[in-house]
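Participant: Structure provided below as structure tokens; questions to follow.
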């Protein structure tokens, strides 16, 4: 990454302390890449909120696609294959799919798989922990398709995709879990994040085979106020099959894919200039994103966002929040940030579970149309 900024310092006052950020290197101006928010999480008070991810802030699909392409362009072209790309649940599963799409346009030996918090009833390959998270456990399923499974198990290069790296510990945990599960032949490891605050931690842990790429590099220090009360964090850590179990058929990433077709609501029509938001649910974001891209190409004024199980306080980059029950039947709260009722002409709420599983109060509040993945 070529530097185009003089090192910059930013400070933000949060309820539990002061977050100080220093930016060393960036492809885009920092203000276009991220803002700040406060987690409702006793383990970590702060959150870097991406402005290009399409998770907590609605983003135009073309802006998201540009970030996929920019990140993929930073990844070396000469990685030995096969190449295994892994996106981190839940926040970066769409980012990972986008990076995979952009990078695999250069070569035909890439497999994409996501970590997940949703068991499918199929064989697991690995499990690892995101220790600071509101939902710390991640699962990696073993692909059921024989060719995809073989490519994964024979991978010589690994690309780990997340929205940001604060300390690098989660990426290191995943790498070690993959080694322990049997991926001993890995020759190259690339961590690929939008914003990297980890100060080279992955490279120090893994060694010379590792490389880190990002759209912004920096460092941070959080000066916590020891007298500040800790927040109550809702219990959102479920890793189990809910009342609405998922089918492995038509998988878009949890079981490994080489390509995902744009098949969601194929006959949907929009008017030129119509203000539309396409909303993914939890980890189900890639097919909804492909729908959003299609509607944008058709001339609509489209934004994309997604529901989340991440509990975030109002303030700073989070101007509005809706809370509702999850659509998997896990009995946990989900959230939608910065999408106000009446803000868009049309709200398309996309689900991989049947329509009755989607919270009726959320549908009513947004005046949403529910679009179900029929796979």
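Numbering (the numbering used here), first residue to last: 62 to 436. For glycine and all other residues, C-beta sits at the position ideal for the given N, C-alpha and C.
1. Does the beta-carbon distance from residue 377 to residue 99 come in below 8 Å?
2. Given that a residue counts as buried once 16 or more other Cβ atoms are within 10 Å of its Cβ, and exposed if not, what is residue 310?
3. Which word fits residue 256, buried or exposed, when buried means at least 16 other C-beta atoms lie within 10 angstroms of its C-beta?
4. Taking 7 Å as the line, does the beta carbon of residue 238 fall inside it for any heavy atom of the ligand GDP?
5. Here's the rule: buried if 16 or more other CB atoms are within 10 angstroms of the residue's CB, otherwise exposed. What is residue 416?
6. Taking DSSP as the reference, what is the three-state secondary structure of residue 64?
7. Would you call the stretch 202 to 216 in contact with the stretch 324 to 344, where contact means no fewer than 3 C-beta pairs closer than 8 Å?
8. Compare the C-alpha of residue 436 against each of 411, 420, 429 and 424 and name the closest.
9. Use the C-beta contact count for residue 430: other C-beta atoms within 10 angstroms, 16 or more gives buried, fewer gives exposed.
10. Within the continuous beta strand (DSSP E) that includes residue 190, where are the two ends?
11. Which two residues bound the contiguous beta strand (DSSP E) that contains residue 357?
12. On the three-pair Cβ rule with 8 Å, is the stretch 278 to 285 touching the stretch 396 to 410?
13. Please report how far the alpha carbon of residue 229 lies from the alpha carbon of residue 261, in whole angstroms.
14. Smallest Cα separation from residue 191: which of 238, 173, 171 and 161?
15. Starting from residue 139, trace the alpha helix (DSSP H) both ways and give me its first and last residue.
16. Spell out a yes or no on whether the stretch 386 to 397 and the stretch 144 to 162 are touching, meaning 3 or more CB-CB pairs, one atom from each, closer than 8 Å.
17. My understanding is that residue 10 touches residue 124, with C-beta atoms under 8 Å, so please give their C-beta distance in whole angstroms.
18. With a cut-off of 8 Å on the beta carbons, I'd call residue 168 and residue 129 a contact; round off their distance for me.
19. Nearest by alpha-carbon distance to residue 367: which of 242, 114 and 105 is it?
20. Quick check on DSSP: helix, strand or coil for residue 252?
21. Please list, in chain order, all residues of the same chain as residue 71 whose beta carbon is under 6 Å from its beta carbon, the five residues on each side excluded.
22. Helix, strand or coil for residue 99 per DSSP?
23. So residue 234 is in the beta strand (DSSP E); what residue range does that whole segment cover?
24. Report the residue from 299, 398, 91 and 359 whose alpha carbon sits nearest the alpha carbon of residue 197.
25. Going by DSSP in three states, residue 209 sits in which element: helix, strand or coil?
26. Check the DSSP bridge columns for residue 217 and list the partner residues they point to.
27. When the Cα atoms are used, what is the spatial distance from residue 122 to residue 288?
28. Have a look at the DSSP bridge pairing and note the partners of residue 382.
29. Pull up the distance between the alpha-carbon of residue 434 and that of residue 323, whole angstroms please.
30. Would you tell me roughly how many angstroms separate the C-alpha atoms of residue 240 and residue 273, rounded to the nearest one?
31. Please report how far the alpha carbon of residue 211 lies from the alpha carbon of residue 93, in whole angstroms.
32. Near residue 277, what residues of its chain come up, given a Cβ to Cβ distance below 8 Å and the 5 sequence neighbours on each side ignored?
33. For residue 370, count neighbouring Cβ atoms within 10 angstroms of its own Cβ and tell me buried if that reaches 16, exposed if not.
34. Let me check understanding here. Comparing Cα to Cα, which of 105, 275 and 222 lies closest to residue 135?
Facilitator: Looking at the atomic coordinates:
1. Here residue 377 refers to the residue found at position 316 when the chain shown is read from its first residue. Here residue 99 refers to the residue found at position 38 when the chain shown is read from its first residue. Yes, the Cβ-Cβ distance between residue 377 and residue 99 is below 8 Å.
2. Walking along the chain shown from the start, residue 310 turns up at place 249. Its Cβ having fewer than 16 others within 10 Å, residue 310 is exposed.
3. As a first step, residue 256 is located in the chain shown; it is residue number 195 there, counting from the start. That one is buried.
4. Absent from the structure shown: the ligand GDP. Ligands present: none.
5. Residue mapping note: residue 416 aligns to position 355 of the chain shown, counting from 1. With fewer than 16 other Cβ atoms within 10 Å, it is exposed.
6. In the chain shown, the residue the question calls residue 64 occupies position 3. Model confidence at residue 64 stands at a pLDDT of 45, short of 50, so the residue's coordinates are unreliable; what they give is reported in the following sentence. Note: residue 64 maps to coil in three-state DSSP.
7. no
8. As a working mapping, residue 436 is identified with position 375 in the chain shown. Of 411, 420, 429 and 424, the residue nearest in Cα terms is 411.
9. Taking the chain shown and counting its residues from 1, the one referred to as residue 430 is at position 369. Label assigned to residue 430: exposed.
10. Translated into positions along the chain shown, residue 190 becomes position 129. Taken as a continuous stretch (DSSP letters only), the beta strand (DSSP E) holding residue 190 covers 185 to 190.
11. Here the question's residue 357 lines up with position 296 in the chain shown. Note, residue 357: premise wrong, no beta strand (DSSP E); alpha helix (DSSP H) at 347 to 358.
12. no
13. As a first step, residue 229 is located in the chain shown; it is residue number 168 there, counting from the start. As a first step, residue 261 is located in the chain shown; it is residue number 200 there, counting from the start. Distance between the alpha carbons of residue 229 and residue 261: 8 Å.
14. Here residue 191 refers to the residue found at position 130 when the chain shown is read from its first residue. Checked all of 238, 173, 171 and 161; the closest Cα to residue 191 is 238.
15. What you label residue 139 is simply residue 78 of the chain shown in a count that begins at 1. Here residue 139 belongs to no alpha helix (DSSP H), and DSSP marks it neither H nor E.
16. no
17. Here the chain covers residues 62 to 436 and nothing more, so residue 10 does not appear.
18. Translated into the one-based positions of the chain shown, residue 168 becomes position 107. Translated into the one-based positions of the chain shown, residue 129 becomes position 68. About 16 Å separates the two Cβ atoms, so there is no contact after all.
19. Taking the chain shown and counting its residues from 1, the one referred to as residue 367 is at position 306. When each option's Cα is compared against that of residue 367, the closest is 114.
20. Taking the first residue of the chain shown as 1, we reach residue 252 at position 191. Residue 252: strand per DSSP, three-state reduction.
21. By one-based count along the chain shown, residue 71 stands at place 10. Only 82 meet the Cβ criterion.
22. The residue labelled residue 99 in the question sits at position 38 within the chain shown. It is a strand residue.
23. On the chain shown, residue 234 is found 173 positions in, with the first residue counted as 1. Residue 234 -> not in any beta strand (DSSP E); alpha helix (DSSP H) instead, spanning 230 to 242.
24. The residue given as residue 197 occupies position 136 in the chain shown. Closest by alpha carbon: 299.
25. In the chain shown, residue 209 corresponds to position 148, counting from 1. If DSSP states are grouped into helix, strand and coil, residue 209 belongs with the helices.
26. If you number the chain shown from 1, residue 217 lands on position 156. Partner(s): none; residue 217 has no beta bridge.
27. Here residue 122 is taken as the residue at index 61 of the chain shown, counted from 1. Here residue 288 is taken as the residue at index 227 of the chain shown, counted from 1. When rounded, the distance between both Cα atoms is 42 Å.
28. Within the chain shown, residue 382 is the residue found at index 321, counting from 1. Paired residue(s): 398.
29. As a position in the chain shown, residue 434 is number 373, starting the count at 1. As a position in the chain shown, residue 323 is number 262, starting the count at 1. So the two alpha carbons sit approximately 11 Å from each other.
30. The count along the chain shown starts at 1 and reaches residue 240 at position 179. The count along the chain shown starts at 1 and reaches residue 273 at position 212. The straight-line gap from Cα to Cα measures roughly 19 Å.
31. As a working note, residue 211 is residue 150 in the chain shown. As a working note, residue 93 is residue 32 in the chain shown. The straight-line gap from Cα to Cα measures roughly 40 Å.
32. What you label residue 277 is simply residue 216 of the chain shown in a count that begins at 1. The answer, listed in chain order, is 84, 86, 87, 88, 89, 91, 94, 95, 255, 256 and 257.
33. For this step, residue 370 is matched to residue 309 along the chain shown. By the neighbour-count rule (16 or more Cβ atoms within 10 Å), residue 370 is buried.
34. As a working note, residue 135 is residue 74 in the chain shown. Selected option, being the one with the closest Cα: 275.
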